[in-house]
Amino acid sequence: MLPVNKKVLTLDEFTLQQLRHIPNATGELSGLLRNIGLAAKRVNVEVNKAGLVDILGDAGSVNVQGEDVKKLDIYANDQFTGVLQHGTSCAGIASEELDDFVSFDDAENKNSKYVCLFDPLDGSGNIDVNISIGTIFGVYRRVSPQGSKAVKEDFLQAGTQQVAAGYVVYGSSTMLVYATRRGVNGFTLDQGIGEFTLSHPNIQCPDFGNIYSVNHGNFFQYDQGVKEYITACQKKNKTNGGPYTQRYIGSMVADVHRNLLKGGIFMYPGTTDKPKGKLRLLYECNPFAFILAVAGGRATNGKERILDIKPTELHQRTPMFIGSKGMMDELDTYLTPGN
Ligand code: AHG
Ligand code: MN
Ligand code: MN
Ligand code: MN
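Quick note: the sequence shown uses my numbering, first residue 126, plus one each step.
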């Protein structure tokens, strides 16, 4: 039971309060974030009953990246696309599940300043076994003129151009976390009233933690520097900031969410089989790189900031190292030649 005088702020009220002080604010970004909250609530309902209805398992098709598509991937993709299309705050979308970007035709959409890129369901291999999954999104101001249809260049912007980014974790609680340059804030879904309410104001990523998250099964496929860093993590003891704990759920959203709150480092390095790793720059890496940067952490591909990479393809992949600033600095000493 909440104390009666506790200040309760819903996602919508918080966003309006935050954004209305910005000069020339039109309310469009608040509208877009509200729409994302709505789509997240719809997906949450389906995720919660995934064990009950015939929505489990492969949808029987393969997405543009050669992966089996689960039914909930498609459902989530349709919800996020539909809600943004029927709102007035988004000129177009690109999604992990769609071959190409979609520019919306309605005059109100064409007048919008923003485009949204998302991974509608992240960690979808975990659905069948009741483990946390998520949604990831990034919002950009379009480079094409308002009033026209969104074009490919609107979607191929460096991550540093994001105006907002966030994620939803469908976990033991469902949370929506989003960042603007003003800060990172987390909202927990109150299932009773169907509202995301502010539960984690002004999230800061601790400079150090003791968690490292990586797929150890790929160890012998990683570069020498990555192997050496992972080995150093395992050797940590009381005298040098350890011991470290290894945690890897296999849902990036859940892994990075935990490390953001507790301090830690998450890695999906390139492998000999897949030199660019697995994660998608536009739908997964850029939003988290933006969130962590605002929260005081950082993200690299091992050579440069994720946020500085100029994308050339919608579905391009990149190695990714992301987490607490102090831990990332230590990682650099293993990855940077000459150090
Ligand atoms: P998606 O379900 O959107 O395709 O992404 C899954 C990703 C990510 O969430 C996770 O960190 C990673 O795949 C796990 O991959 P491995 O099983 O290769 O470690
Ligand atoms: Mn996928
Ligand atoms: Mn994903
Ligand atoms: Mn996905």
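Ideal Cβ positions, reconstructed from N, Cα and C, are used throughout, including at glycine. All figures in this text were calculated on a predicted structure; none of them were measured in a lab.
- request: Express the C-alpha separation of Arg159 and Asn236 in angstroms, rounding to a whole number.
  value: 18 Å
- prompt: If Ser449 sits next to Gly389, beta carbons under 8 Å apart, how far is it from one beta carbon to the other, in whole angstroms?
  reply: 6 Å
- prompt: In three-state terms, what does DSSP make of Asp244?
  reply: strand
- prompt: Who are the near neighbours of Thr188 in its chain, counting only those whose CB is closer than 8 Å to its CB and skipping five residues on each side?
  reply: Note that residue 188 is Asn in the sequence shown here, rather than Thr. These residues qualify, in order along the chain: Val194, Asp198, Glu221 and Glu222.
field: Span separating the alpha-carbon of Met300 from that of His325
entry: 10 Å
query: Just to confirm, does Asp247 get its C-beta within under 6 Å of one of the non-hydrogen atoms of ligand 3?
result: yes
query: Cβ of Leu406 within 7 Å of Cβ of Leu242?
result: no
message: On the DSSP letters alone, give me the boundaries of the beta strand (DSSP E) that Gly217 sits inside.
response: Gly217 to Ser220
field: DSSP bridge partner residues for Tyr408 (one or two, in chain order)
entry: Tyr408 is not bridged to any residue.
query: Assuming Phe321 contacts Gly152 under a Cβ cut-off of 8 Å, what Cβ separation, rounded to an integer in Å, is found between them?
result: Wrong, their Cβ atoms sit about 18 Å apart, outside the cutoff.
- request: Can you check DSSP and say which residues form a bridge with Ser228?
  value: Gly217
Straight-line gap, Cys358 to Gln329 (C-alpha atoms, nearest Å): 23 Å
query: Could you give the C-beta distance for Gly375 and Pro444, rounded to a whole number, given that I count them as a contact under 8 Å?
result: Not quite, the Cβ-Cβ distance comes to about 17 Å (not below 8 Å), so this is no contact.
message: Strictly under 7 Å for the Cβ-Cβ distance: is Pro436 near chain B by that measure?
response: Here chain B cannot be found, since the structure has a single protein chain.
- request: Please name the residue or residues paired with Phe446 in a DSSP beta bridge.
  value: Met392 and Thr425
- prompt: What does Tyr200 pair with, by DSSP beta-bridge criteria?
  reply: Answer is none; Tyr200 lacks a bridge partner.
- prompt: In chain order, what residues of the same chain have a beta carbon less than 6 Å from the beta carbon of Phe205, not counting five sequence neighbours either side?
  reply: Ala164, Phe243 and Pro245
query: Would DSSP call Ser338 helix, strand or coil?
result: strand
- prompt: Relative to ligand 3, is the shortest distance from any of its heavy atoms to the C-beta of Asp225 smaller than 6 Å?
  reply: no
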